[in-house]
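Working notes, structure below.
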Amino acid sequence: MVTLGQYLIVSGLLFTIGFAGVLLRRNIIIIFMSLELMLNAANLSLVAFSRFRLTAAGMPDYNAQVFVFFVITVAAAEVAVGLAIIVALYRARQTTHVEDVSSLKF
Amino acid sequence: MSPILFWLFAFVMLVFGAAVVINRNPIASALSLVICFMGLSALFMSLDAFFIGIIQVLVYAGAVMVLFLFIIMLLDLRAEERRKINLVAVVGGAAVALALFVQIYSVVGQLSAANKPFPALASAKTDDVHSVGLLLFTNYNLPFQIIGVLVLVATIGVIVLSKRELR
Chain U
82 MVTLGQYLIV SGLLFTIGFA GVLLRRNIII IFMSLELMLN AANLSLVAFS
132 RFRLTAAGMP DYNAQVFVFF VITVAAAEVA VGLAIIVALY RARQTTHVED
182 VSSLKF
Chain E
23 MSPILFWLFA FVMLVFGAAV VINRNPIASA LSLVICFMGL SALFMSLDAF
73 FIGIIQVLVY AGAVMVLFLF IIMLLDLRAE ERRKINLVAV VGGAAVALAL
123 FVQIYSVVGQ LSAANKPFPA LASAKTDDVH SVGLLLFTNY NLPFQIIGVL
173 VLVATIGVIV LSKRELR
């Protein structure tokens, strides 16, 4: 049988991969993709909990799925704005490498 | 869902998720991300969340990844591939990520519900589009409208950011 813990571990592994991508990679587009991985790892554990904690009628708890729906919507808007910022950055500096853009670095 | 299929899809998702981070070529990373999201969508469907699984394929593998590939092609990033790797930063980053996973693992290990299998549903037929839609238009009506405003703001923001000269 597949248990709740196995889904949570898989979700944690996916989150860790995304986190490592944000920390390790210097290409801003790859960092952006890693952010998407982290958002989706959170979605997976939300859906797993939704299926695990049944309502009184014996159905999955759909509140979590509505929340996942909101997360996906916000992530799509975030990708559109973020990629527009990357295009504007590339126009100004001709780079997508985060170490070349350090004017705001403390 | 059978454990074999669960591990198969989890394996596909994690391998291609790692390929996103490891690949030096941004196009290969983006295509790996598509496969990763397909595996994730299969895991959603294994949890009886068919609506979320379909939305995952449509929104992520369809819309978002096309946007990523479009931007990668537009910027022509092939010149960025050759950079020397800072070994100290790589080892440090990997250690921090590993520490995070160890923490997640220990927290899940302490969770008493983690060893229990998923309870059976009351009926095999889940009408989840209906249920999610009903919740969306009753309990979550205000957040739903706020999301609409957010998408509008994002659209306007993208148009403003994409203008040729920013002042």
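Line by line, the protein sequences give chains U and E.
Take the first sequence: its letters are residues 82 to 187, numbered as in my numbering.
Take the second sequence: its letters are residues 23 to 189, numbered as in my numbering.
C-beta: ideal position from N, C-alpha, C; glycine also.
Just so you know, these numbers come straight off a predicted model, no measurement behind them.
> Should E:PHE159 be labelled buried (16 or more other beta-carbon atoms within 10 Å of its own) or exposed?
Replying inline: Here the question's residue 159 of chain E lines up with position 137 in the second sequence. When all chains shown are included, E:PHE159 counts as exposed.
> Should U:LEU95 be flagged as near chain E, meaning a C-beta pair shorter than 8 Å?
Replying inline: Counting from 1 along the first sequence, the entry for residue 95 of chain U is found at position 14. Output row for U:LEU95: interface = yes.
> Quick one: what's got a C-beta closer than 8 Å to E:MET67's C-beta in the same chain, skipping five residues either side?
Replying inline: Residue 67 of chain E sits at position 45 when you count from the first residue of the second sequence. For E:MET67, where only same-chain residues beyond five positions count, the Cβ hits under 8 Å are GLY75.
>> Please list, in chain order, the chain U residues whose beta carbon lies closer than 8 Å to that of E:ILE93.
In response: To locate residue 93 of chain E, count along the second sequence from 1; it is residue 71. Residues of chain U passing the Cβ test: ILE110, LEU164, ILE167, VAL168.
> Of all the options U:PHE130, U:THR154, U:MET82, which has the alpha carbon lying nearest to the alpha carbon of E:VAL86?
Replying inline: On the second sequence, position 64 is the one that residue 86 of chain E refers to. Per the Cα distances, U:THR154.
> In three-state DSSP terms, what is E:THR177?
Replying inline: Here the question's residue 177 of chain E lines up with position 155 in the second sequence. Residue state, collapsed to three classes: helix.
> Is it the case that the Cβ atoms of E:ILE43 and U:ILE98 are separated by a distance below 8 Å?
Replying inline: As a position in the second sequence, residue 43 of chain E is number 21, starting the count at 1. As a position in the first sequence, residue 98 of chain U is number 17, starting the count at 1. It should be pointed out that residue 43 of chain E corresponds to Val in this sequence rather than to Ile. Their beta carbons are under 8 Å apart, which means E:VAL43 touches U:ILE98 by this criterion.
> Short check: CB of U:GLU117 to CB of U:ALA145, under 8 Å?
Replying inline: On the first sequence, position 36 is the one that residue 117 of chain U refers to. On the first sequence, position 64 is the one that residue 145 of chain U refers to. Result no, Cβ atoms of U:GLU117 and U:ALA145 do not sit closer than 8 Å.
> What first and last residue would you give for the alpha helix (DSSP H) that runs through E:ILE107?
Replying inline: In the second sequence, residue 107 of chain E corresponds to position 85, counting from 1. Looking at the DSSP string, E:ILE107 is not in any alpha helix (DSSP H), and its letter there is neither H nor E.
> Is there a Cβ from chain E that is less than 8 Å from the Cβ of U:ALA123?
Replying inline: Residue numbering aside, residue 123 of chain U sits at position 42 when the first sequence is read from its first letter. With 8 Å as the cut-off, U:ALA123 does not count as an interface residue toward chain E.
>> Less than 8 Å between CB atoms is the rule here; does U:MET119 satisfy it with respect to chain E?
In response: Working through the first sequence from its first residue, we reach residue 119 of chain U at position 38. Judged by the 8 Å Cβ criterion, U:MET119 is not in contact with chain E.
> CB-CB under 8 Å to U:ASN124, same chain, minus the five flanking residues each way: which ones, in chain order?
Replying inline: Here residue 124 of chain U corresponds to residue number 43 of the first sequence, with the count starting at 1. Correct list, in chain order: VAL149, VAL152, ILE153.
> Mind listing which residues of the segment 25-40 of chain E have their C-beta closer than 7 Å to chain U's C-betas, in chain order?
Replying inline: PRO25, PHE28, ALA32, MET35, LEU36, GLY39, ALA40
> Would a check of beta-carbon distances place U:LEU185 closer than 8 Å to chain E?
Replying inline: For the purposes of this step, residue 185 of chain U is taken as the residue at position 104 of the first sequence. No, U:LEU185 does not count as interfacial toward chain E.
> Where DSSP assigns a beta bridge to E:PRO139, which residues make up the other side?
Replying inline: Counting from 1 along the second sequence, the entry for residue 139 of chain E is found at position 117. Answer is U:THR84.
> Going by alpha carbons, who is nearest to E:ALA121 out of U:PHE96, U:GLY86, U:TYR88?
Replying inline: As a working mapping, residue 121 of chain E is identified with position 99 in the second sequence. E:ALA121 has its Cα closest to that of U:PHE96, out of U:PHE96, U:GLY86, U:TYR88.
> Does the segment 105-119 of chain U come close enough to the segment 129-147 of chain E that 3 or more CB-CB pairs lie under 8 Å?
Replying inline: no
> Are the segment 128-142 of chain U and the segment 31-45 of chain E touching by the rule of at least three beta carbon pairs closer than 8 Å?
Replying inline: no
>> Looking only at its chain, what residues have a beta carbon closer than 8 Å to the beta carbon of U:PHE92, apart from the 5 residues adjacent to it on each side?
In response: Position 11 of the first sequence, counted from the first residue, corresponds to residue 92 of chain U. In the sequence as displayed, the identity of residue 92 of chain U is Ser instead of Phe. Closer than 8 Å at the Cβ level, and outside the excluded window around U:SER92, lie ALA122, ALA123, LEU125, SER126, ALA129.
>> I'd like the list of long-range same chain contacts for E:PHE166, defined as Cβ closer than 6 Å, with 5 residues on each side in sequence excluded.
In response: Looking up residue 166 of chain E in the second sequence gives position 144. Answer for E:PHE166: LEU158, listed in chain order.
> Between E:LEU62 and U:ALA169, what straight-line distance do the alpha-carbon atoms span, to the nearest angstrom?
Replying inline: Walking along the second sequence from the start, residue 62 of chain E turns up at place 40. Walking along the first sequence from the start, residue 169 of chain U turns up at place 88. Computed Cα separation, rounded: 32 Å.
> Which of the residues in the segment 123-149 of chain U, read from start to end, lie with their CB under 8 Å from any CB of chain E?
Replying inline: ASN124, LEU125, VAL128, ALA129, SER131, ARG132, PHE133, LEU135, ALA138, GLY139, MET140, PRO141, TYR143, ASN144, GLN146, VAL147, VAL149
>> So with CB distances below 9 Å, who are the chain U contacts of E:LEU97?
In response: The sequence position of residue 97 of chain E within the second sequence is 75, counting from 1. Within chain U, the residues near E:LEU97 are ILE110, ILE167, VAL168, TYR171, THR177.
> Between the segment 47-66 of chain E and chain U, which residues of the former have a C-beta closer than 8 Å to a C-beta of the latter?
Replying inline: PRO48, SER51, ALA52, LEU55, CYS58, PHE59, LEU62, LEU65, PHE66
>> My output table needs one value for E:ASN161: the three-state DSSP class, helix, strand or coil.
In response: Residue numbering aside, residue 161 of chain E sits at position 139 when the second sequence is read from its first letter. If DSSP states are grouped into helix, strand and coil, E:ASN161 belongs with coil.
> Which whole-angstrom value is the C-beta distance of E:ALA136 and U:LEU89, which I expect to be below 8 Å?
Replying inline: Position 114 of the second sequence, counting from 1, holds the residue named residue 136 of chain E. Position 8 of the first sequence, counting from 1, holds the residue named residue 89 of chain U. E:ALA136 to U:LEU89, Cβ: 6 Å. Contact.
> Under the three-state reduction of DSSP, which class applies to U:ASN121: helix, strand or coil?
Replying inline: Residue 121 of chain U sits at position 40 when you count from the first residue of the first sequence. U:ASN121: helix per DSSP, three-state reduction.
>> Here's the rule: buried if 16 or more other CB atoms are within 10 angstroms of the residue's CB, otherwise exposed. What is E:ILE77?
In response: Taking the first residue of the second sequence as position 1, residue 77 of chain E is located at position 55. Buried: at least 16 other Cβ atoms inside 10 Å.
> If we cut at 8 Å on Cβ distances, does E:VAL130 have a partner in chain U?
Replying inline: Taking the first residue of the second sequence as 1, we reach residue 130 of chain E at position 108. So yes, E:VAL130 belongs to the interface.
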